[in-house]
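Trainee: Residue numbers for the sequence shown follow UniProt numbering, so the first one is 1 and each next one is one higher. This structure is in structure tokens; I'll ask about it shortly.
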Amino acid sequence: MGPIRNMLADAGVTEQQWRVLRVLMEEGPLDPTSIAERAVLLLPSLTRILQKLEEKGLVTRTRDDNDRRRQVITVTEAGHALIAQNMPASQRQMARLREELGDEKYQGLLALLDDLNQLDL
1 MGPIRNMLAD AGVTEQQWRV LRVLMEEGPL DPTSIAERAV LLLPSLTRIL
51 QKLEEKGLVT RTRDDNDRRR QVITVTEAGH ALIAQNMPAS QRQMARLREE
101 LGDEKYQGLL ALLDDLNQLD L
């Protein structure tokens, strides 16, 4: 994780903030509960993360048109730009990890992480 942490530090975001941005980029606008589930974060932690991302201008919060109690979080243009600028470095790190582990171990790791994510702990 060292090289990834360095890349994120240079980008001015934490690992958790990066995960939230990636989830929103991949899934589109979501409510906080859905983000917490997909990013594997506790909702109270996500609340603080979203506040920081909003302060940095990387996400916006709006009220759902159908349920005014529900918030919808969306990545801003600045958030899209941050992901686009740093995605090549992230992908290089993942390719390096895959190369060092080998395809079988890499796929096994992803499967185990997915299994872990599916557990209702």
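Backbone N, C-alpha and C fix where the C-beta goes; we use that ideal spot for every residue, glycine too.
So the candidates are GLN93, SER34, THR60, LEU112; which of them puts its Cα closest to the Cα of LEU8?
Mentor: Of the candidates GLN93, SER34, THR60, LEU112, the one whose C-alpha sits nearest the C-alpha of LEU8 is GLN93.
Trainee: Tell me which residues share the same chain as ILE83 and place their Cβ nearer than 8 Å to its Cβ, disregarding the 5 neighbours each side in the sequence.
Mentor: LEU21, ARG22, MET25, VAL75.
Trainee: Is the CB-CB distance between GLN71 and ILE49 below 7 Å?
Mentor: It is not a contact, given that the beta carbons lie outside the stated cut-off.
Trainee: Residues in the same chain with beta-carbon distance under 7 Å from PRO3, minus the five sequence neighbours each way, listed in chain order, please.
Mentor: Excluding residues within five positions, the ones whose Cβ falls inside 7 Å are GLN93.
Trainee: Please state whether the Cβ-Cβ distance between LEU58 and ALA78 is less than 7 Å.
Mentor: Yes, the Cβ-Cβ distance between LEU58 and ALA78 is below 7 Å.
Trainee: How many angstroms separate the CA atom of MET87 from the CA atom of THR62?
Mentor: If you take the alpha carbons of MET87 and THR62, they lie about 26 Å apart.
Trainee: Pick helix, strand or coil for THR47, following the three-state DSSP scheme.
Mentor: Note: THR47 maps to helix in three-state DSSP.
Trainee: Using a threshold of 7 Å, state whether the C-beta atoms of ARG98 and TYR106 are closer than that.
Mentor: Cβ distance < 7 Å, so ARG98 and TYR106 count as in contact.
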